[in-house]
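Heads up: the sequence shown at position 108 corresponds to 116 in our numbering, and the numbers run straight through without jumps.
Before any comments, here is the structure.
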Amino acid sequence: MTVSAVFGAEYSYLDFEQISDPESGLGIISGGSGGDDVYATRERQSYYTEFAIELPHEVEVSAALRYDGYELEGDTGESISTSEFSDTVPKLGISWRPTESLLLRASWGEAFRTPTMSEMFATISYGFPSAYDTYYCDTLDNPGSDDSYCSSGQQHLTYYGGNPDLSPENSESLTLGVVYDVTDDLSLEVSYYQYDYENKIEDIDVDDLIAADLDGTSSSIVRDSDGKITSITSGYTNYSEVKTNGFDITANYDLATEIGDFGVNLEYSHVFSYEEEGTEWAGELFYPDNRANLTVDWTDGDKWTASWRTLFIGANGETYYDYYDYADNYFKHNVTVSYHVNDNVKVSAGIANITDEFEEYAPGEWRGYDDSLYDPLGRTMSFNVQASF
């Protein structure tokens, strides 16, 4: 039996300023949204230890413990706010290699994340995102009274900013995995994950705020006497509970041929569940439950290399926002070819999004598409020359 251990400590102090130019801060530039300045400091102390124990029969056990303590201070624009956070989190892991080609592993742990300085102390900015007002147009049964208002493209004045009352985010994780080297050239990896969050920090989406305003009395939404929205206050909040689980599959294959060497990599992810405060989101709009990447590389071993990559994002948004067009299956294909002129010069050409795919219009997003998932550009071509001296 072999035992190894690591002990450590860290200290850091960060003075952070994010300053908008005066014109943007006053909101007088066309298309601007005012400033989102941040003036804050953060002090952190950390102590940690980790043990690894190698047991007979190719079994290895690991255990770790970490303490983090933070003190954050920032100017909210109205007052100076100070918060202190600390926690100690454990992690346990075990792996077993019953044969040279097979590895089984499992881990359990807890995690702790303090809010960032921007999440807590960003000053107020504003924007005009588009969203459908379910309370006015559906609950009050006014779909015909104002056709221009009752559309998913209606914009609403929305204020954004930090939240000095945020609490740290805590989570518990469980992962199980299998790695199998089928041959020297083919390997497979399957992993199951489960994450449970408490006080998860998230930026509240305007669509979510409106959808939750069932009776028109939300403290985050101001309405006129007719019930129409005049302004919305958004920003960061702690969700009481978020749970998600799913699995990932990775396959790698190498093939040597007379015309060159090929490498194939396939990554696939499936989300069984993504539950946020009791609401299931997996498969809903902006929460695809299936994603995949396929990459095929080739080299002649000398001058030429080429790569093909296909990105897949599964359909999403079939039910929750039934007044939006849901996003269909999305494929994006990229190809790149490179030629090494010599050891110092490489010439490359590529085409991104060969089939010119574009995401379904998402009126709830201020750009008209979900930029966290999709590339807004259509087919693009590039040519590069790289030289080293």
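Using N, Cα and C, we set each Cβ at its ideal position, and we do this for glycine too.
Note that the coordinates shown come from a computational prediction; the quantities given were computed from them, not determined experimentally.
Residues bridged to residue i [DSSP beta-bridge criterion]
| i | result |
| --- | --- |
| residue 246 | 209 |
| residue 320 | 300, 339 |
| residue 63 | 67 |
| residue 284 | 250, 287 |
| residue 238 | Partner(s): none; residue 238 has no beta bridge. |
| residue 348 | 354 |
| residue 127 | Its beta-bridge partners do not exist; DSSP assigns none. |
| residue 272 | 261, 304 |
| residue 95 | 76 |
| residue 85 | Answer is none; residue 85 lacks a bridge partner. |
| residue 19 | 53 |
Exposed unless 16 or more other CB atoms sit within 10 angstroms - verdict on residue i
| i | result |
| --- | --- |
| residue 21 | exposed |
| residue 218 | buried |
| residue 296 | buried |
| residue 163 | exposed |
| residue 166 | buried |
| residue 240 | buried |
| residue 38 | Low local confidence applies: a pLDDT of 47 at residue 38 is under 50, so the model's placement there is unreliable, with the coordinate-based value given in what follows. By the neighbour-count rule (16 or more Cβ atoms within 10 Å), residue 38 is not buried but exposed. |
| residue 16 | exposed |
| residue 191 | exposed |
| residue 382 | buried |
| residue 386 | exposed |
| residue 45 | buried |
| residue 28 | buried |
| residue 128 | buried |
| residue 328 | Low confidence applies here, because residue 328 scores a pLDDT of 49, under 50, leaving its location unreliable; read the following figure in that light. Buried, since its Cβ has 16 or more Cβ neighbours within 10 Å. |
| residue 137 | buried |
| residue 380 | exposed |
Member of the options whose CA lies at the smallest distance from the CA of residue i
| i | options | result |
| --- | --- | --- |
| residue 394 | 307, 347, 64, 290 | 347 |
| residue 85 | 47, 325, 156 | 47 |
| residue 400 | 279, 306, 276 | No information on residue 400 is available, as it lies outside the stretch 9 to 397 that the chain covers here. |
| residue 265 | 65, 349, 137, 193 | 193 |
| residue 9 | 69, 52, 44, 28 | 69 |
| residue 350 | 396, 72, 322 | 396 |
| residue 275 | 298, 282, 262 | 298 |
| residue 161 | 181, 111, 214, 179 | 214 |
| residue 188 | 336, 318, 106, 25 | 106 |
| residue 334 | 262, 318, 291 | 291 |
| residue 135 | 238, 304, 322 | 238 |
| residue 130 | 49, 391, 248 | 49 |
| residue 147 | 392, 208, 184, 220 | 220 |
Cβ-Cβ separation, residue j to residue i (assumed contact under 8 angstroms), whole Å
| i | j | result |
| --- | --- | --- |
| residue 197 | residue 258 | 4 angstroms |
| residue 11 | residue 57 | At roughly 13 angstroms, the Cβ-Cβ gap does not stay under 8 angstroms, so residue 11 and residue 57 are not in contact. |
| residue 344 | residue 325 | Rounded, the Cβ-Cβ distance is 32 angstroms, inconsistent with contact. |
| residue 133 | residue 77 | That belief does not hold up - the Cβ atoms of residue 133 and residue 77 are roughly 31 angstroms apart, past 8 angstroms. |
| residue 320 | residue 339 | 6 angstroms |
| residue 89 | residue 172 | 4 angstroms |
| residue 117 | residue 100 | 7 angstroms |
| residue 246 | residue 174 | 6 angstroms |
| residue 112 | residue 186 | 6 angstroms |
| residue 54 | residue 18 | 4 angstroms |
| residue 388 | residue 360 | 5 angstroms |
| residue 210 | residue 244 | 7 angstroms |
Examine the Cβ distances between the segment 199 to 216 and the segment 253 to 265 and report whether three or more of them are shorter than 8 angstroms. yes
Below 8 angstroms, can you find three or more Cβ-Cβ pairs linking the segment 83 to 101 to the segment 116 to 123? By the Cβ rule, the segment 83 to 101 counts as touching the segment 116 to 123, because three or more pairs are nearer than 8 angstroms.
Within 8 angstroms, do at least three Cβ pairs link the segment 309 to 316 to the segment 282 to 290? Here the segment 282 to 290 does not lie against the segment 309 to 316, with fewer than 3 beta-carbon pairs under 8 angstroms apart.
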